[in-house]
Amino acid sequence: NLSAEPGCVQVSVVSAGTTWVPLGAGNRSAKVFQIEPSANGSATSYSLSLYFTADELNGRSPSNLKIAKTSAANLSEVNASNTIIVTPTVTMLGTNAVFTGDFTGFSKFFLVDESFVLPVTLVSFTGKLNERAEAVLDWEVSRQYDFRGFDVERSNDGTHFSAIQNIPATQGYGSIVSYTYADKNITEGANYYRLRMIDNDGHFTYSPVVRINYQGSGRFVSLAGNPVADAITVLLNNRDLRPVSATLFNVIGARIGSWHLGSRTGTVSLPIDQFKLTPGIYLLQISDGARVTTLKVQKK
Numbered sequence: 099n100l101s102a103e104p105g106c107v108q109v110s111v112v113s114a115g116t117t118w119v120p121l122g123a124g125n126r127s128a129k130v131f132q133i134e135p136s137a138n139g140s141a142t143s144y145s146l147s148l149y150f151t152a153d154e155l156n157g158r159s160p161s162n163l164k165i166a167k168t169s170a171a172n173l174s175e176v177n178a179s180n181t182i183i184v185t186p187t188v189t190m191l192g193t194n195a196v197f198t199g200d201f202t203g204f205s206k207f208f209l210v211d212e213s214f215v216l217p218v219t220l221v222s223f224t225g226k227l228n229e230r231a232e233a234v235l236d237w238e239v240s241r242q243y244d245f246r247g248f249d250v251e252r253s254n255d256g257t258h259f260s261a262i263q264n265i266p267a268t269q270g271y272g273s274i275v276s277y278t279y280a281d282k283n284i285t286e287g288a289n290y291y292r293l294r295m296i297d298n299d300g301h302f303t304y305s306p307v308v309r310i311n312y313q314g315s316g317r318f319v320s321l322a323g324n325p326v327a328d329a330i331t332v333l334l335n336n337r338d339l340r341p342v343s344a345t346l347f348n349v350i351g352a353r354i355g356s357w358h359l360g361s362r363t364g365t366v367s368l369p370i371d372q373f374k375l376t377p378g379i380y381l382l383q384i385s386d387g388a389r390v391t392t393l394k395v396q397k398k
């Protein structure tokens with residue numbers, strides 16, 4: 099059944115054998131077909147049947163197998179952007195089997211087992227520093243089939259990474275899905291980020307690394323925004339990781355509240371809505387035991 103005349107069609111078996119080959123999280127058949135028409139190659143829709151002997155199936159149940167069609171130049175480059183998976187109808191001829199599926203366009207064809215999953219396609223991954231000194235990461239993916247989600251990982255040297263946030267996958271298998279994450283604890287100097295993209299079976303791949311530089315204010319502490327509403331956001335340049343404390347006073351020196359921040363560095367939010375402050379000027383004192391800085395804060 100053809101939707102367009104393909105002209106002369108050349109069919110070849112580009113690899114053969116009975117030992118299945120690891121691919122992705124699963125395995126593929128050793129036998130791979132290459133089908134090339136002389137005309138209308140990408141526009142032709144058709145029904146295709148592929149024959150496999152019992153030896154080529156190597157003990158696998160035909161009902162658990164699917165047909166993969168790929169335009170990848172090398173099978174090691176198979177991914178969700180160049181490959182589709184089709185659940186075929188199966189006709190048994192004794193112990194041998196014929197697998198039939200519907201396709202558009204011609205390329206390579208082979209069987210994959212039930213463990214095979216196409217990896218998610220990362221469309222883009224970028225990072226930038228915003229006005230609050232947060233590292234904002236944006237990325238887009240497509241073909242989130244059987245996909246669990248992302249671990250956002252950070253490094254200060256570009257080599258040793260640790261996870262700082264898990265982000266579950268949202269719905270949208272065929273469409274492009276956008277994600278964003280803001281790291282509020284960026285440190286002065288180079289900050290490196292990557293995504294660990296995890297399938298439901300636990301297999302994962304890594305994204306390219308994004309580097310974001312933060313020069314800092316050169317001061318021990320500064321305000322990320324002023325005036326403030328429900329919280330005071332400060333930028334700590336606590337390279338020595340000393341224990342830090344913060345105390346809020348009114349303009350006549352009466353203590354309003356305090357926070358013990360531990361050995362934190364980067365962006366820190368100090369909630370103030372519990373104090374029911376009236377609009378006006380307040381003084382925020384930050385100390386790490388060796389340095390004391392007082393900042394003037396305006397409450398909206």
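Numbers given in our numbering equal positions in the sequence shown, counted from 1, plus 98. The C-beta atom is built at its ideal place from N, Cα and C for all residues, glycine as well. Note that the coordinates shown come from a computational prediction; the quantities given were computed from them, not determined experimentally.
Taking Cβ to Cβ, would you say residue i is nearer than 7 angstroms to residue j?
i      : j      : result
Tyr279 : Arg292 : no
Thr193 : Ala152 : yes
Lys167 : Phe201 : yes
Ile274 : Glu238 : yes
Ile384 : Val308 : no
Gly199 : Pro186 : yes
Asp386 : Arg340 : yes
Asn264 : Pro217 : no
Lys398 : Ala322 : no
Leu393 : Ala231 : no
Arg246 : Asn298 : yes
Asp211 : Asn289 : no
Ser240 : Thr219 : yes
Thr116 : Asn156 : yes
Candidates the options: which alpha carbon is nearest residue i's?
i      : options                        : result
Val130 : Glu175, Phe208, Thr142, Ser161 : Phe208
Thr224 : Ser276, Ser147, Glu134         : Ser276
Phe197 : Lys226, Tyr149, Ala178, Phe214 : Tyr149
Ala195 : Leu163, Leu393, Ile183         : Leu163
Ile350 : Leu381, Asn311, Ser361, Val111 : Leu381
Val395 : Val119, Arg389, Leu368, Ala388 : Leu368
Asp236 : Thr391, Lys206, Ile310         : Ile310
Ile262 : Val221, Lys282, Asp255, Asp244 : Lys282
Val221 : Tyr243, Ser179, Thr391, Asp255 : Ser179
Leu121 : Thr181, Asn324, Ile354, Cys106 : Thr181
If you drop the 5 nearest sequence neighbours on each side, which residues of the same chain put their C-beta closer than 7 angstroms to that of residue i?
i      : result
Leu359 : Val342, Ser343, Ala344, Val366
Just mark residue i as buried or exposed, buried being the case when its beta carbon has 16 or more other beta carbons within 10 Å.
i      : result
Pro306 : exposed
Asp249 : buried
Leu191 : exposed
Lys226 : exposed
Glu229 : exposed
Gly364 : buried
Ala267 : buried
Lys374 : exposed
Gln269 : exposed
Got a sec? Which residues, its chain only, sit under 6 angstroms from residue i by beta carbon, not counting five neighbours each side?
i      : result
Asn172 : none
Ile133 : Val109, Phe204
Does the Cβ of residue i lie closer than 6 angstroms to at least one heavy atom of the ligand ZN?
i      : result
Gly360 : For the ligand ZN, the structure offers nothing, since it holds no ligand at all.
Near residue i, what residues of its chain come up, given a Cβ to Cβ distance below 8 angstroms and the 5 sequence neighbours on each side ignored?
i      : result
Ala123 : Ser213, Phe214, Val215, Asp297, Asp299, His301
Ala329 : Ser367, Leu368, Pro369, Ile370, Asp371
Ser61  : For the chain, the structure presents residues 99 to 398; residue 61 sits outside this window and is missing.
* To do: Give, in chain order, every unbroken run of the beta strand (DSSP E) that is at least 3 residues long and sits entirely within the stretch 180-206.
  => 181-184, 187-191, 194-202
* Complete beta strand (DSSP E) runs within the stretch 117-175 (minimum length 3 residues, chain order) -> 119-121, 124-126, 130-135, 143-150, 164-168
* **Continuous beta strand (DSSP E) assignments of at least 3 residues falling wholly in the stretch 218-299** => 219-227, 233-240, 245-253, 260-266, 275-281, 287-297
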